[in-house]
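Report on the following structure.
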Amino acid sequence: MSDQAVGPSVTLSRQQHEQGDAVEWFAIADAANLSIDARVHELLGITGSLTRRLRELCGEAFRLQLLGERQRQQSRALVREVIMFCGERPWVFAQTVIPQTTLQANPWLSELGNRPLGDTLFHRDNVKRGGLYLAELKPGDRLYERAVRDTGLGQRPASLLARQSLIHLDVSELSINEVFFPAAGRIAAA
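Numbers 2 to 191, taken from our numbering, label the letters of the sequence shown in order.
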């Protein structure tokens, strides 16, 4: 696993990743220029728990694989990466960046293990999601490469859709990058 997380750890807007990738993020309302499949549009716009919606679509075949958790020293944050599957098909790669101050105020965030973040996060009264931002990732973009590395995808897609948001927990926050694999669109249409 690389030592760097992808994407900003706090401010989310139309911008470049902190590693220098030229990925442009657009507010979901301003993302008309992205080629978004109508079947996956519903998943991209979910403001509550994406995990809950994926479970509804997949049923008993839903599973989460924890890829790892590591400390990112330069920004003093915990980086957590998971892939959500329906059966053997990867649906979503998720990368959560949790600043040390957020961990201190919410120690349960470092104790999730194989449990989905959404199962705990969106049942709390003090949680509010900020705006949703979308990007089209291409091969060579760090987030694209990180997402496909552990999926077992046979053929690499020409592009992948990603969304990014900031989650507020009272006065603390964390950021989430989610990359949607082609199988998510096929299942959402079923």
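We treat Cβ as the ideally placed atom computed from N, Cα and C, and that holds for glycine.
So which of the options has the shortest CA-CA distance to residue i?
i: Asn178; options: Ile84, Arg77, Arg73, Ser76; result: Ile84
i: Phe181; options: Gln105, Glu174, Lys139; result: Lys139
i: Gln66; options: Arg77, Ile29, Thr52, Ala78; result: Thr52
i: Ala23; options: Ile99, His169, Tyr145; result: Tyr145
i: Val172; options: Pro158, Trp109, Asp151, Asn127; result: Asn127
Does DSSP classify residue i as helix, strand or coil?
i: Trp92; result: strand
i: Thr97; result: strand
i: Ser76; result: helix
i: Val24; result: coil
i: Leu110; result: helix
i: Ile29; result: helix
i: Ala185; result: helix
For the beta strand (DSSP E) containing residue i, list its first residue and its last residue.
i: Arg71; result: 63-73
i: Ile168; result: 161-170
i: Asn178; result: 173-181
i: Leu135; result: 128-138
Where do the N-terminal and C-terminal ends of the alpha helix (DSSP H) with residue i fall, by residue?
i: Glu57; result: 51-59
i: Ala148; result: 143-150
i: Gly119; result: 118-122
- request: Decide yes or no for the touch test of the segment 129-143 against the segment 156-173: beta carbon pairs closer than 8 Å, at least 3 of them.
  value: A contact is defined here as three or more CB-CB pairs under 8 Å, and the segment 129-143 meets this definition with respect to the segment 156-173.
| message | Pairs of beta-carbons, one from the segment 46-64 and one from the segment 83-102, closer than 8 Å: are there three or more? | response | Yes, the segment 46-64 is in contact with the segment 83-102.
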